[in-house]
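Engineer:
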Amino acid sequence: MNLKKILKISALSLSVATAMAAQAGDTIKVGVLHSLSGSMAISETTLKDTVLMMVEEQNKKGGLLGKELEAVVVDPASNWPMFAEKARELLTTEEVDVIFGSWTSVSRKSALPVLEELNGLMFYPVQYEGEESSKNIFYTGAAPNQQAIPAVDYLMDELEVERWVLAGTDYVYPRTTNKILKAYLKSKGVADKDIMVNYTPFSHSDWQSIVSDVKKFGSEGKKTAVVSTINGDANVPFYKELSNQGVTSETIPVIAFSVGEEELSGIDTGPLVGHMAAWNYFQSVETDANEAFVENWKSFIKSDERVTNDPMEATYIGFQMWAQAVVDAGTTDVDAVEKAMIGQEVKNLTGGTAVMNKNHHLSKPVLIGEIQEDGQFEVVFETDGVVPGDAWSDYLPGSMDMIADWTSPVECGNYNTKTKSCGSK
Amino acid sequence: MSTPSSNSMNRLSHTVGKYRLPIKPTSLFVLVLFTATLLASMANLWVPADSAFHVSTYTITLLGKYLCFAMLAMAVDVVWGYCGILSLGHGAFFALGGYGMGMYLMRQIGDRGVYGNPELPDFMVFLDWAELPWYWLGMDNFGFALLMALAVPGLLAFVFGWLAFRSKVTGVYLSIMTQALTYALMLAFFRNEMGFGGNNGLTDFKEILGFDLQADSTRVSLFVITAVMLALGYVVSQFIMNSRMGRVVLAIRDGEPRTRFLGYRSERYKVWLFVYSALLAAVAGALYVPQVGIINPGEFSPLNSIEVVVWVAVGGRGTLYGAVIGALLVNYAKSRFSVVMPEGWIFALGALFVWVTLFLPKGLAGWAQDKFFKTEEHPSEDEPLSSDMDTPISHSAKGAS
Amino acid sequence: MMAVGCLFLLLLGSGGAKANSASVSTELSKDVEINSSVPVDVTERTSAEALLEQLTHTKLSKAAALLEQLEQSGDVRVRAVFQTMLDGALYYQRDNRQLLAVRKGEDKSLNASDVFSGESLGVVAKKSVKKIRVNNRLRVYLRGALSRLALNADSADDRNIAVMSMLDKLSADNVAALQALDERETNHEVKVSIALALAMNTLATSSDRDQRLAAIEVMDGRLEAPVKNQLRALVDSAVVDGSIVNSSLDTQVIAAAQKALQNIDGKVTAYGYVEQLFFGLSLGSVLLLAAIGLAITFGVMGVINMAHGEMIMIGAYATFVVQQLMPNFLEYSIWVAIPAAFLTAGLVGVLIERCVIRYLHGRPLETLLATFGISLILQQAVRTIFSPLNQTVVTPEWMSGSLEINAVLSITYSRIYIFIFALIVFAALQLVMKKTSLGLQVRAVSQNRSMAKSMGIHTDRVDALTFGLGSGIAGIAGVALSQITNVGPNLGQAYIIDSFMVVVFGGVGNLLGTLFAGFSLGIANKFLEPATGAVLANIIVLIFIILFMQKRPKGLFPQKGRAAE
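In structure tokens, the structure reads:
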């Protein structure tokens, strides 16, 4: 009877696969590769809904190239190998034209080989550590130089901070950001003993000792600030412990790179007023485009309570750029769209214009906001003009000489300007 | 207590039920696996892509992954179904095997990494490692890496088993400890200082033994090798269970004190069975990594290991083929439902687990046996349980049977 | 003295301002005569008004200078303005630039009130007012200015805080103000603080050996950070490798400073251990709370309850829902939330037992599978009902902040309450199990089901109640955890493994064992953490448990007697 079973399974999968293949035709398919269950669902579900909203709006405008857009949603369930599997499924059985997806770096790295093998196209909307540029991925979130460096400059100039706590969750993004920051701080003359680095595991919940250490570190007479790359779940207990132990934004301000409106919606922000975050977007920015976007979002999600955040804007910009590039190229063919993408301009929701650069990263403005009692941020600093995203950091020894340029004649994601070669070739 | 409820598979091969099977189940299993693999491989490589009989590369990688999971499930079944050791930490052996293979594949990248460093993997360049740590030495040799992929989990299983079984840690205590083991390993591998790539793990593999990992032929070969290893694992496990050792193992499951009183050193049998099972899991892990292209500490997660146990329970424990069917079925359902109903599939999965435990206590295999091959001398597997169901505590301390 | 007592609105920049200012001055001078010794004259006050008016025009970056001028203006109203501004409630009306204090009401309406009198001015439209922006730098300044102004406060505590806040800002002005205060101060505590501040000043400025030695003697043993920093700086400037090299400084003074510093460091280290112990106890109480429900469902009933974490989650969500239902009584919501969480989680527990677990008696390892399925369903259900996002649970005022024992040791209130709460829950549970007939029946059924049945115990009912009790306790734990961590669908998963470790380590079926296990694991973790970091500490504790179980396979306190065999 197991023969029967196995035959049945394979027959079923075959028929499903062929049925799917037959369906493709008159729509342009937009794949959505965001976790809807598991630990990352908390962040990624919002982005799935954002893409669905963009698809709906585009269809109201008549679709693209005279065709309807159709969203294909899959759930990689916060399981990293599953991102590769689902990416392959989207590209081969569903035959989507573009994918919007991923949040964590590891999920992107898992899907990357599949995208390159099958020549797919993916938009990645989250701030990340850089050190990557693939022909098949467009990075619409911030690179470290679009978040960390301006933030530290602000603390140094405006708040006269002299001692630094670099606290992060133990994974690649915080480690890279902190390495870059350490090199940057040293170049500004900060001594080693004035920098404290601390890593904690994911979802760390007991912050008593660490906050107490930070307090001690900050009581030695110099103005101290915490630069936090603490991820997701760990932030709530961290901030709660901070406020309970009496660390306020006036004594030791915290500037975070992973805490946005959505994360704050789960925290009682009363005691956090004045702590900061650096992003390319805040919901509170008053522009017409942003107000319309927030309005649309609230009516799409059917809730007045929901907030918008930076990765949503990154998804918005990515989607608009892709739509423009498809119109410019006159096709959804990946190679043509990829060429048409470079140089695309889209108005930011916060004002100014985002430009897609040759290294597949965006030029965007950097904003610093202070947490308000209502869970929103108030912008206290904004860079003059836009900052172009660096795929390869200038502060890491391994990548100083590297650039990414996907236009001819370089056409390479890791071009070494010293040896004038692409990678090791 | 009733007579040891025997290995139903063995019984099946000897008794004549309502229906007589023309061949032994072992041969049947191997035959089915062989045919399915052959057909799938041929359909992928030689049938043109537009034909209705073409099997896509996606399906091949998916099937390859399922077979690895099936092998892992079989490993759990060997200790749980036959010896009553419920391991909630088999994911650890699987992942260690995977890391062994992953390290080899990482070294094979050579200077094709993004930084072009011929000595160090990308993540080490990234984190400023000056030189390769000692435990990475020799991993560029396929044979040595494979040896390590098996030896490390094997040794861990031996040390853990030796300690635990010698001091008669059984039942839930043992289960929770295996869980602690895999949890501790997960935390350790998450640390970037460990030199295994932290949260991102090992990825971006290029080739294995000189074959391009993205070529269809390599994929099919890996798939076929997995199928062969699964069949081999099945035959060997079946052989062990039919041997004298297997008989003792069953006796231990059904009455460990009695077996000890008869003069058998039960802990020795358990240790070696545990090590064998860990090796099976490690092989599965080593085959899994080149096919999915990534290994990371998430594989150590205790939830993963619990899921494996669920596959075995769904398929039916103590039958080996039941474990294989359970793994294939649940994973297929996961792949399918996560597309068909991305928001609701978790409900379905959860409900399936509850439903199976309530209504199919012996899993699909047990249900099918009862329905189609019910024989009078076949005692219900529940009997030894129901006889002492009055003392859940004492029972829980004794473990599953 | 805060309330200026005027019933008028400060009409700045408009024609009305002039007309009113006369009455302001009379009112104010009365106020000043009674309450304050700060001299005020009329011309300065008008300049303060001009400054306040400028405040509505100025850019954020220029605001600091303006505030400084305001502080120096000596106007008593400045305090009210500063305080309102610090609260982020200082607004002005767009049409006439009049300053207002605006606070948000429950229904998000903006309630305006007079900055100085606090008198309500009714609801204002959002578009008609604009907030005067404050950033961190201004907040720091405002806080400092307010504390300087508080040197003249009525309350001795306020004065003491003001003095303490000046320890690292001993400018000549501040020292003069302190000396002036010292002369008229009557409160002992404040006098001690002033003496410390003046001693620090003497050490920094005087060159007389005896004075400096006396100053060091005053500073010796004080734990305030500025004291330590000053001594450290002094010692560091003169001492290399333990011997005094800088001969231009007085060796006797340096030696005294060194000794005082050692003294302080010794005290700080000792308090550090006390703090670590408390951290350990606090972590232990969290572990105990998380595990105690499992000690019933798993320990007593033998159900390997993988849905235990989700029961905690349900309790936390119950807290959230209760707070949503009574937004005006957040301070008391916890007292409603505790029974609500107990009942909700308990009810879900009874349901689970009636629908699933009762069919699995005697098959403990299968309960693992079924409850694992249930935990998946519950998590996804919460995701569907409440959204996958974390929810805000407000910490009541009385649970926020910390109890300051001295300058280096403070204990957070929420942790203290959770510690006490854990002990109360534990004691209550012990009482139920040992002293009530339900407890007796539970124990009887868990030891010998058929015997209990034949004695006339409704085993079905007892099973359902036991599981409900365990789940309900887990729900209560959720209320406590909602105060210190995320309230989201993943809440339960974060605690499930730790809970099992605690129960198994303590010995299945033994509540006292769970108590000991929770606290000892918590303390061990916290004492390892400084040396190894949080992750390694966790790993070491896990390995320790694994090894310990080899020695004592049944945990710390194994069950004894026939039922255990």
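Chains as they are written, first to last, in this note's numbering: chain A, 1 to 425; chain B, 426 to 826; chain C, 827 to 1391. Heads up, the beta-carbon is just placed ideally off N, CA and C, and yes, glycines get one too. Since the model is a prediction, treat every value here as computed from it, not as a measurement.
Flag residue 642 of chain B as yes if its beta-carbon sits less than 8 Å from any beta-carbon of chain A, otherwise no.
Structural biologist: Chain A contact via Cβ: absent.
Engineer: By the three-class DSSP mapping on this structure, what secondary structure does residue 775 of chain B have?
Structural biologist: It is helical.
Engineer: I'd like to know if the stretch 366-373 of chain A and the stretch 280-287 of chain A are in contact, where contact means that at least 3 CB-CB pairs between them fall below 8 Å.
Structural biologist: Segments in contact, yes.
Engineer: Hey, does residue 639 of chain B have any beta-carbon neighbour from chain A nearer than 8 Å?
Structural biologist: Yes, its Cβ sits closer than 8 Å to a Cβ of chain A.
Engineer: For residue 1238 of chain C and residue 245 of chain A, I'd like the C-alpha separation in whole angstroms.
Structural biologist: Distance between the alpha carbons of residue 1238 of chain C and residue 245 of chain A is about 6 Å.
Engineer: For the candidate residues A:194, A:168, A:151 and A:172, whose alpha-carbon lies nearest to that of residue 162 of chain A?
Structural biologist: The residue with the shortest Cα to Cα distance from residue 162 of chain A is A:194.
Engineer: For residue 416 of chain A, report the span of its beta strand (DSSP E) as first-last.
Structural biologist: Per DSSP, residue 416 of chain A belongs to the beta strand (DSSP E) from 412-416.
Engineer: Quick one: does residue 1199 of chain C have its CB under 8 Å from some CB of chain B?
Structural biologist: By this cut-off, residue 1199 of chain C is an interface position.
Engineer: Should residue 617 of chain B be labelled buried (16 or more other beta-carbon atoms within 10 Å of its own) or exposed?
Structural biologist: Looking at its Cβ environment, which holds 16 or more other Cβ atoms inside 10 Å, residue 617 of chain B is buried.
Engineer: Would you identify the three-state DSSP class for residue 927 of chain C, choosing helix, strand or coil?
Structural biologist: Three-state DSSP puts residue 927 of chain C in a strand.
Engineer: If you follow the alpha helix (DSSP H) that residue 363 of chain A is part of, which residue opens it and which one closes it?
Structural biologist: Note, residue 363 of chain A: premise wrong, no alpha helix (DSSP H); beta strand (DSSP E) at 362-364.
Engineer: Following a CB-centred definition, is residue 261 of chain A positioned closer than 7 Å to any heavy atom of the ligand MN?
Structural biologist: Ligands are entirely absent from the displayed structure, and the ligand MN is therefore not among its contents.
Engineer: In terms of residues, what are the limits of the alpha helix (DSSP H) holding residue 1062 of chain C?
Structural biologist: Start and end: 1051-1064.
Engineer: Can the beta-carbon of residue 637 of chain B be found closer than 8 Å to that of residue 482 of chain B?
Structural biologist: Not closer than 8 Å, so no.
Engineer: Would the beta-carbon of residue 767 of chain B fall within 8 Å of that of residue 36 of chain A?
Structural biologist: Yes. Within cutoff.
Engineer: If we cut at 8 Å on Cβ distances, does residue 767 of chain B have a partner in chain A?
Structural biologist: It does: the Cβ of residue 767 of chain B has a partner Cβ on chain A nearer than 8 Å.
Engineer: Cβ closer than 7 Å: which chain F residues qualify as neighbours of residue 1375 of chain C?
Structural biologist: In the displayed structure, chain F is absent; the protein chains listed are A, B and C.
Engineer: Quick one: is residue 200 of chain A near chain C, going by C-beta distance under 8 Å?
Structural biologist: True, the Cβ-Cβ gap to chain C drops below 8 Å.
Engineer: Compile a chain-ordered list of the residues in the stretch 52-83 of chain A whose CB is closer than 9 Å to at least one CB of chain B.
Structural biologist: Answer in chain order: 72, 73, 74, 75, 76, 77, 78, 79, 80, 81, 82 and 83.
Engineer: Does DSSP classify residue 1316 of chain C as helix, strand or coil?
Structural biologist: Of the three classes helix, strand and coil, the one that applies to residue 1316 of chain C here is coil, per DSSP.
Engineer: Considering only residues of the same chain and omitting the five flanking positions on each side of residue 506 of chain B, which have a CB-CB separation below 6 Å?
Structural biologist: Once the five neighbours on either side are set aside, the close Cβ partners of residue 506 of chain B are 742 and 743.
Engineer: Apply the 10 Å Cβ neighbour rule to residue 405 of chain A and answer buried if 16 or more other Cβ atoms are within range, or exposed otherwise.
Structural biologist: Residue 405 of chain A is buried by the Cβ-count criterion.
Engineer: Would you tell me roughly how many angstroms separate the C-alpha atoms of residue 976 of chain C and residue 225 of chain A, rounded to the nearest one?
Structural biologist: Straight-line Cα distance between these residues: approximately 27 Å.
Engineer: With a threshold of 8 Å on Cβ separation, who are the neighbours of residue 412 of chain A within its own chain once the five nearest residues in sequence on each side are excluded?
Structural biologist: Hits under 8 Å: 404, 405, 406, 422 and 423.
Engineer: Can you look up residue 33 of chain A in the DSSP assignment and give me helix, strand or coil?
Structural biologist: Strand at residue 33 of chain A.
Engineer: Taking only three categories from DSSP, how would you classify residue 860 of chain C?
Structural biologist: Bear in mind that a pLDDT of 38 at residue 860 of chain C, under 50, signals an unreliable position, so the number given afterwards is only what the model happens to contain. Helix at residue 860 of chain C.
Engineer: Kindly indicate which three-state DSSP category residue 851 of chain C falls into: helix, strand or coil?
Structural biologist: At residue 851 of chain C the pLDDT is 38, less than 50, meaning the model places this residue with poor confidence and gives no usable figure here.
Engineer: Give the single residue among B:530, B:750, B:453 and B:536 whose Cα lies nearest to the Cα of residue 632 of chain B.
Structural biologist: Nearest of B:530, B:750, B:453 and B:536 to residue 632 of chain B, Cα basis: B:530.
Engineer: Buried or exposed for residue 718 of chain B, please, with buried defined as at least 16 other CB atoms from any protein chain shown within 10 angstroms of its CB.
Structural biologist: Label assigned to residue 718 of chain B: buried.
Engineer: Taking the straight line between their C-alpha atoms, what separation do you get for residue 960 of chain C and residue 114 of chain A?
Structural biologist: Distance between the alpha carbons of residue 960 of chain C and residue 114 of chain A is about 49 Å.
Engineer: For residue 262 of chain A and chain B, any beta-carbon pair shorter than 8 Å?
Structural biologist: Judged by the 8 Å Cβ criterion, residue 262 of chain A is not in contact with chain B.
Engineer: I want to know whether the stretch 1079-1095 of chain C touches the stretch 1042-1055 of chain C - three or more CB-CB distances under 8 Å.
Structural biologist: The answer is yes - the stretch 1042-1055 of chain C touches the stretch 1079-1095 of chain C, with three or more Cβ pairs under 8 Å.
Engineer: Quick one: what does DSSP say residue 164 of chain A is sitting in, helix, strand or coil?
Structural biologist: Three-state DSSP puts residue 164 of chain A in a strand.
Engineer: So what does DSSP say about residue 645 of chain B, is it helix, strand or coil?
Structural biologist: Note: residue 645 of chain B maps to helix in three-state DSSP.
Engineer: Look at residue 1119 of chain C and residue 1299 of chain C and say whether their C-beta atoms are less than 8 Å apart.
Structural biologist: Cβ atoms of residue 1119 of chain C and residue 1299 of chain C: closer than 8 Å.
Engineer: Find the residues of chain A that neighbour residue 1358 of chain C, judging by a C-beta separation of less than 9 Å, and give them in chain order.
Structural biologist: Per Cβ cutoff of 9 Å: no residues; residue 1358 of chain C is ~11 Å from chain A at best.
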